[in-house]
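One structure below.
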Amino acid sequence: MLAVNYSNARENLKTYCDKVNDDKETIIITRKDNKNVVLISQDEYNKMLENIRVLNDPKYFIKLYKSIKELENNEGNIEV
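Numbering-wise (full-length UniProt numbering), the sequence shown opens with residue 1 and increments by one.
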């Protein structure tokens, strides 16, 4: 995770955009009064939203939890 100030981010936006996409880097852009923002790739953002959706849906969460327990107890099957 990198932290850069706003001026640096503005001057090097293309470089930082490439870094978040190519290197899966997360960049914190620091601003006055600690009103920082985070730059991540759209792919990482979509993954985060999907994780939030699954973890906030009791039905999906229970299914996921049971599957993890089955694998931990060598009871589940892994399909590739």
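Idealized CB from N, CA, C, for every residue including glycine.
Small disclaimer: the values here were computed from a predicted structure and weren't measured.
- Assignment of residue 12 by DSSP, reduced to helix, strand and coil, places it in the coil class.
- In the structure shown, the three-state DSSP call for residue 5 is strand.
- Using a Cβ-Cβ distance cut-off of 8 Å, the segment 17-37 and the segment 45-57 are not in contact, since fewer than three pairs of beta carbons, one from each stretch, lie closer than that value.
- Secondary structure note for residue 28: its beta strand (DSSP E) is the uninterrupted segment 27-30.
- Excluding its 5 nearest sequence neighbours in each direction, residue 44 has C-beta neighbours in its own chain below 8 Å: 20, 24 and 26, listed in chain order.
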